[in-house]
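Here's the structure, in structure tokens; my notes come after.
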Amino acid sequence: MEKILLKQSFPQWLKNLSSYTIYAPVEKDDLWEYEVIDKPESIDLDYPNAVLSPKKIIFPQTEVLLEFSSSNEEGLQVKEVLPEETSSVIFGVRPCDGKALTLTDKVFGGDFEDPYYWSRRDSITVVGLSCNIPPSPDCFCLSVDGSPHSKEGLDILMTDLGDRYLTETFTEKGDKLINLAKNLFKPPTAKDKKDAQKINVESEKRIKRQIKETKKIPPKLKGMFDSPFWDEESLSCIRCGICTYLCPTCHCFDMNDEVSSSSPLEGKRIRTWDNCQFPDFTMHSSGHNPRPDRASRLRQRILHKFQYFVEKHKNYQCTGCGRCVSKCPVGIDIIEVLDKVRDYGS
Ligand code: SF4
Ligand code: SF4
Numbered sequence: 003m004e005k006i007l008l009k010q011s012f013p014q015w016l017k018n019l020s021s022y023t024i025y026a027p028v029e030k031d032d033l034w035e036y037e038v039i040d041k042p043e044s045i046d047l048d049y050p051n052a053v054l055s056p057k058k059i060i061f062p063q064t065e066v067l068l069e070f071s072s073s074n075e076e077g078l079q080v081k082e083v084l085p086e087e088t089s090s091v092i093f094g095v096r097p098c099d100g101k102a103l104t105l106t107d108k109v110f111g112g113d114f115e116d117p118y119y120w121s122r123r124d125s126i127t128v129v130g131l132s133c134n135i136p137p138s139p140d141c142f143c144l145s146v147d148g149s150p151h152s153k154e155g156l157d158i159l160m161t162d163l164g165d166r167y168l169t170e171t172f173t174e175k176g177d178k179l180i181n182l183a184k185n186l187f188k189p190p191t192a193k194d195k196k197d198a199q200k201i202n203v204e205s206e207k208r209i210k211r212q213i214k215e216t217k218k219i220p221p222k223l224k225g226m227f228d229s230p231f232w233d234e235e236s237l238s239c240i241r242c243g244i245c246t247y248l249c250p251t252c253h254c255f256d257m258n259d260e261v262s263s264s265s266p267l268e269g270k271r272i273r274t275w276d277n278c279q280f281p282d283f284t285m286h287s288s289g290h291n292p293r294p295d296r297a298s299r300l301r302q303r304i305l306h307k308f309q310y311f312v313e314k315h316k317n318y319q320c321t322g323c324g325r326c327v328s329k330c331p332v333g334i335d336i337i338e339v340l341d342k343v344r345d346y347g348s
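Listed below in structure tokens is the structure:
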């Protein structure tokens, strides 16, 4: 369904969604973050991109998986703690981050469905926003099968046409959101559609960074596992983990039991994000570490995203959002690394 919503009617639409928890980007100290919004009129969608993608809402940095207790009378009791199923909507999701959700869906779906991830994912409606400004100077979505107006992973895509939004829906969840304020939405005119096409063409031209011939990279990586290339490229890495924590597609986690009382036994099993760039990530209890140095950890990050994930899921595990490029404190640039991979030994 395609509709036009006047910008002045946007707050009214949000007021009609009072049964939903609403998330939208909020600026704090020059950084944008998705937060729960109380005042619909305060939403500002004129923003580059959030420092953390909506991954942080669907797969939170820390969550309790279960609670346990033990007593002489009842023995060991274990209670699963699933998230509350409240309907939510996230506004202003950039297309690269919408596409990233389709990749984390593959990881948390498939043969074993992660109930914690899916209880949130299924109850959230994702409202995307086409990029009519470059979300980051380091964005390279066009090189990894994405685009600044991609619909992947979104229930709705809004395109800013100046004083109005072209609003396209792709799922029942998206249609439902529009139908809650039907009278605010009008059919688009031929000019509205033409304006949107023009904006899409212009937004693609604004993406300045690119990887050439990305398709050549996965087969090239197959022969580079033991290459000295990784030593050279990782020399400056300070193993801070920023690249992977900020990445909308990285999903590794750890689980720990936190005991609040030993007699009687009481505690919680907690899942937290983990990070392949940390030396302890692969540390065995024997003391052996199969990835003991920077080189093996950078290699893992690149091979996972551009070889293993491609072999398993037929997608790059990267949407070109540019976060890891912009925020790496020592300037390790995945675009440059991949360009060198493609040309290595040629
Ligand atoms: S952000 Fe840069 S320095 Fe930090 S772990 Fe990643 S590559 Fe290394
Ligand atoms: S690898 Fe970097 S550019 Fe690609 S999705 Fe992750 S943070 Fe974005």
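Residues 3 to 348 in my numbering are what the sequence shown spells out, letter by letter. Every residue, glycine too, gets a C-beta built ideally from N, C-alpha and C.
query	result
Ligand 2 site residues, beta-carbon cut 6 Å against heavy atoms	L248, C249, P250, T251, K307, C320, T321, G322, C323, G324, R325, C326, I336
Limits of the beta strand (DSSP E) - the one that R130 falls within	Note on residue identity: the sequence assigns Gly, not Arg, to residue 130. Counting along the chain, the beta strand (DSSP E) containing G130 begins and ends at 126–131.
Contact under 9 Å by Cβ, I6 with Y25	no
Among L168, K178, S205, E174, nearest to D194 - alpha-carbon criterion	L168
Endpoints, beta strand (DSSP E) assigned at D259	255–264
Local Cβ density within 10 Å of Q79, reported as buried at 16 or more and exposed below that	exposed
Every unbroken beta strand (DSSP E) within the segment 9–70, with a cutoff of 3 residues, ordered by chain	23–30, 33–38
Contact set for T104: own chain, Cβ-Cβ below 7 Å, skip 5 residues either direction	E154, G155
Span separating the alpha-carbon of S238 from that of A52	27 Å
Boundaries of the beta strand (DSSP E) in which G269 is found, first to last residue	267–275
Under 9 Å between C-beta atoms of I45 and F12	yes
Nonlocal neighbours in the same chain, by C-beta distance under 6 Å from S73, ignoring five residues either side	P266
Rounded separation between I336 and L67 - CA only	34 Å
Whether E268 touches E69 by CB criterion (9 Å)	yes
L47 versus G322: straight-line alpha-carbon distance, rounded	21 Å
Beta carbon nearer than 6 Å to a non-hydrogen atom of ligand 1	C239, I240, R241, C242, G243, I244, C245, Q279, C330, P331, V332, I334
Inter-residue CB distance, C326 and C278 (contact presumed, cutoff 8 Å)	Contact doesn't hold; Cβ gap of about 12 Å is too wide.
Contact belief for C141 with R211 at Cβ below 8 Å, rounded distance in angstroms	7 Å
Y247 (DSSP reduced to helix, strand or coil)	helix
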